[in-house]
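Q: For the sequence shown, the numbering used here begins at 43 and goes up steadily by one. For each residue, glycine too, the CB sits at the ideal point set by N, CA and C. Computed from a predicted structure; not experimentally measured.
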Amino acid sequence: MDSINCRTMYSQGIKKTIVVRPVGKSKLPEDGIHPLLHRIFSARGIKSSDDLDRGLDKLPSPWLLSGMENMVAHLISAIKAQEKITIVADFDADGATSCAVAVKGLQLLGAVGVNFVVPNRFEYGYGLTPEIVELVKQQAPDVIITVDNGISSLEGVKAAQDAGIKVLVTDHHLPGHELPSADAIVNPNLPDDTFPSKALAGVGVMFYVLLALRSRLREQGWFERQGLPEPNLAQLLDYVALGTVADVVALDQVNRILVYQGLMRIRTGRSHPGLQALIEISGRNPLTLVATDLGFALGPRLNAAGRMDDMSLGIQCLLTEDSKLAKDMALQLDDLNNDRKDIEGQMKHEALALLGRMKALDGQHLPAGVCLFDELWHQGVIGILASRIKDQLHRPVIAFAPSGKDQIKGSARSISGVHIRDVLSDIAALHPKLLNKFGGHAMAAGLCINMHDYPAFALAFDEVVRQRLDNVDLEQKIWSDGELPEQDMSLELAELIQTAATWGQEFPEPIFHGVFDIIQARIVGQQHLKLVMRKPKGNTMIDGIAFFVDKPEQWLGMRVCNAAYKLDVNEFRGQRNVQLLVQYLEKVA
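(1) Measure the Cβ-Cβ separation of Gln636 and Leu293 and say whether it is below 7 angstroms.
(2) Straight-line CA distance for Ile587 to Glu261?
(3) Can you give, in chain order, each stretch of the beta strand (DSSP E) that sits fully within the stretch 152-209 and has at least 3 residues?
(4) Report all residues from its chain with a CB closer than 8 angstroms to the CB of Glu551; omit the five preceding and five following residues, and keep chain order.
(5) Answer yes if the stretch 107-123 comes into contact with the stretch 135-143, meaning at least three C-beta pairs across the two stretches below 8 angstroms, and no otherwise.
(6) Roughly how many angstroms lie between the CA atoms of Gln568 and Asp592, to the nearest whole one?
(7) Under 8 angstroms, with one C-beta from each stretch per pair, do the stretch 553-571 and the stretch 524-531 reach the 3-pair mark?
(8) Give the single residue among Arg601, Gly341 and Ala486 whose Cα lies nearest to the Cα of Arg576.
(9) Nearest to Val61 by CA position, among Ala85, Gly387 and Lys67, is which residue?
(10) Reducing DSSP to helix, strand and coil, say where Asn619 ends up.
(11) Pop quiz: Lys447 and Val439 are said to be a contact at Cβ under 8 angstroms. What is the actual Cβ separation, rounded to whole angstroms?
(12) Check for me: the beta strand (DSSP E) holding Asn612 runs from which residue to which?
(13) Report the start-end ranges of each alpha helix (DSSP H) in the stretch 428-473 that is 4 residues or longer and not cut off at the edges.
(14) Would you check if the stretch 264-273 and the stretch 150-165 touch, i.e. whether three or more CB-CB distances between them fall below 8 angstroms?
(15) Would you call the stretch 379-395 in contact with the stretch 344-361, where contact means no fewer than 3 C-beta pairs closer than 8 angstroms?
(16) What does a CB cutoff of less than 7 angstroms around Asn47 pick up in its chain, not counting 5 residues either side in sequence?
(17) With a cut-off of 8 angstroms, do at least 3 Cβ pairs link the stretch 527-537 to the stretch 497-516?
(18) Between Gly356 and Ala131, is the Cβ-Cβ spacing less than 7 angstroms?
(19) Ile491 by DSSP, collapsed to three states: which one?
(20) In this structure, what does DSSP give as the bridge partners for Gln562?
(21) Where does the unbroken beta strand (DSSP E) through Leu477 begin, and where does it stop?
(22) Return helix, strand or coil for Glu322, following the three-state DSSP convention.
(23) Please report the straight-line C-alpha distance between His494 and Ala543, rounded to a whole angstrom.
(24) Going straight from the alpha carbon of Gly616 to that of Leu278, what length do you get?
(25) Can you tell me the Cβ-Cβ gap for Ile187 and Leu170, rounded? I've got them flagged as a contact below 8 angstroms.
(26) Within 10 angstroms of its Cβ, does His215 collect 16 or more other Cβ (buried), or is it exposed?
(27) Mind checking whether Leu516 and His436 have CB atoms under 7 angstroms apart?
(28) Give the straight-line distance between the Cα atoms of Lys122 and Arg163, rounded to the nearest whole angstrom.
(29) Below 7 angstroms between beta carbons: does that hold for Leu648 and Ile491?
(30) Rounded to the nearest angstrom, how far is the Cβ of Ala454 from that of Leu414, given a contact under 8 angstroms?
(31) Quick check: what's the CA-CA separation for Tyr52 versus Lys519?
(32) Whole angstroms is fine: what's the gap from Thr212's alpha carbon to Pro578's?
(33) Could you check the C-alpha separation between Phe503 and Leu396 for me, to the nearest Å?
(34) Figure out for me which residue from Gly167, Glu392 and Ile82 has the closest Cα to the Cα of Pro64.
(35) Skipping 5 residues on each side, what residues in its chain have a beta carbon closer than 8 angstroms to that of Phe614?
(36) If I measure Cβ to Cβ from Asp416 and keep anything under 7 angstroms in the same chain, skipping five residues before and after, which residues do I get?
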């Protein structure tokens, strides 16, 4: 590691090191692209201009997904026979948007009698279980389509088929050793699947199924015979963008295209009323909406329904064509999200107290894999809690909450280099009776264990994670794109960065670093730190803000700081100004 490009920094007491991203070889043209963007893209592995193309014509063919021919054949049969279809969705934002895409898309393609069921996490848990099948049977469907779930639903699929219901599985989670006996499965993460993107969210998988279905129906002359206009499925891309960003999947080129195209529909006033209402209630400007707004403003409000109550409310908000009804439901979702934030804050306080008692924060007694449990914790919020503690400790974390019948439910979050679902699979192999069920992917997973097995599981988790950490660098790093000269801290460059690419998971928005004089520092909104900053010997003062700072008063006396920041655009009362969105701070004086 080049020591010139490293600096130890502190953010809220957490030691970190800032490292300048290495710039790889690139065939990007030198002309026509800002030199800073050229460096930023090269550091993210962009090899040519084609890698930055976000046109829909650059999407790979849906027929590259294994199982697609079989899936489409079953769907065509169901549509032509006017069979009743029930969508079974997951209870997070990806599941909700997947459900909206499935319902709207199938109706556009001529399906009738399309309904949905979303499990209430507090009663039924995740996926197509036999209990959910009993609930679905009340709708008397001929076909069940799972969205964002189903790949691990062996018992549920069998129960549905025993009841004479076809089951079509669309999912993106990693499969286990055994696949369900579904009538058709489409999942880019199936063994030997040749689809070039393994990072599709559940909503992306369902969108691809509809693309293939429309293509085959067109070939068969379906739309002409039925007198139906051939639908433009791009109208569903606002849903696809929201679900993809909210599920925190890697923004490879396929996902960058899907998210960008969805954002373009939103910015041009072509989004669905439910999304428009969520944008309004979030205080965002639809004309300048970016991917981070989907992830940090809309996604949490939609997720709040599944975390705090019932995701049916979120799905109904997405599906409604009534703007007033959409606004009313968005307000309900906002209230639920505020409740979630209050509960999350209390749970985080309790989790940090637990860690203090475990002597975890001194670094000498820190488990490799951290398990936390409180009998009063809310199971709808443990995923967020695990993510917050993982970010603070830079270790895989599982947070547990009671789930009834002497069982506890865990939500796991991991760090780069530790595949959390594989960790759970290893534990299941070493201790066959320890896990009742589990599933997930590399960075996030869910599980269920017996309450009396918690101590044994915590030890097993620490042991298996420790074995996998041998080749993982646990030093907390902030990856920077370098220092910015004063003339580059402009509104024009901030807007250029915002629009030049679709930033997100594994294609991160640029972060810069440098030393600043602090002209003024004050606390706003109790936890936010508002700064007026200036480069040493510089001539221009620039606003900076750090959100959700623990003990912000400790920074009020500083005169000079090292800072890592994003070049951001602050919009207030119609005025747009550049500001530094501060990510990390270190006092110099």
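A: Reading it off the structure:
(1) Only positions 43 to 631 of the chain appear in the structure, and residue 636 is not among them; the question remains open.
(2) Rounded to whole angstroms, Ile587 and Glu261 show a C-alpha spacing of 55 angstroms.
(3) Qualifying beta strand (DSSP E) stretches, in chain order: 156-159 and 185-189.
(4) Closer than 8 angstroms at the Cβ level, and outside the excluded window around Glu551, lie Thr334, Ile539, Trp545 and Lys608.
(5) No, they do not touch.
(6) As the crow flies, the alpha-carbon of Gln568 is around 10 angstroms from that of Asp592.
(7) Short answer: they touch.
(8) Of Arg601, Gly341 and Ala486, the residue nearest in Cα terms is Arg601.
(9) Ranked by Cα distance from Val61, the first of Ala85, Gly387 and Lys67 is Ala85.
(10) Here Asn619 sits in strand by DSSP.
(11) With 8 angstroms as the limit, Lys447 and Val439 do not qualify as a contact, their Cβ atoms being about 25 angstroms apart.
(12) Annotation for Asn612: the continuous beta strand (DSSP E) segment containing it runs Val602 to Phe614.
(13) DSSP runs (the alpha helix (DSSP H)) wholly in the stretch 428-473: 462-472.
(14) Touching, yes, given that three or more Cβ pairs across the two stretches are closer than 8 angstroms.
(15) Touching, yes.
(16) Because Asn47 sits at a pLDDT of 35, beneath the cut-off of 50, its placement in the model cannot be relied upon, and the point is left open.
(17) With a cut-off of 8 angstroms, the stretch 497-516 and the stretch 527-537 do not count as touching, because too few Cβ pairs lie within range.
(18) Not closer than 7 angstroms, so no.
(19) The answer is strand: DSSP assigns Ile491 an E or B state.
(20) Answer by DSSP bridge pairing, in chain order: Val574.
(21) DSSP places Leu477 in no beta strand (DSSP E); its state is neither H nor E.
(22) Glu322: helix per DSSP, three-state reduction.
(23) C-alpha separation (whole angstroms): 49 angstroms.
(24) The straight-line gap separating the alpha-carbon atoms of Gly616 and Leu278 is approximately 29 angstroms.
(25) Taking the Cβ atoms as the reference, Ile187 lies roughly 10 angstroms from Leu170, outside the contact range of under 8 angstroms.
(26) Looking at its Cβ environment, which holds 16 or more other Cβ atoms inside 10 Å, His215 is buried.
(27) Cβ atoms of Leu516 and His436: closer than 7 angstroms.
(28) Computed Cα separation, rounded: 34 angstroms.
(29) Absent from the model: residue 648. The displayed extent of the chain is 43 to 631, so no value can be given.
(30) About 11 angstroms; that fails the 8 angstroms criterion.
(31) Because Tyr52 sits at a pLDDT of 37, beneath the cut-off of 50, its placement in the model cannot be relied upon, and the following sentence gives the value as read from the coordinates. So the alpha carbons of these two residues sit roughly 11 angstroms apart.
(32) Distance between the alpha carbons of Thr212 and Pro578: 55 angstroms.
(33) Straight-line spacing of the CA atoms in Phe503 and Leu396 works out to 17 angstroms.
(34) The shortest Cα separation from Pro64 among Gly167, Glu392 and Ile82 belongs to Ile82.
(35) When the five nearest sequence neighbours on each side are left out, no beta carbon in the same chain lies closer than 8 angstroms to the beta carbon of Phe614.
(36) Here Asp416 has Glu392 as same chain residues with Cβ atoms under 7 angstroms from its own Cβ, once five neighbours each way along the sequence are excluded.
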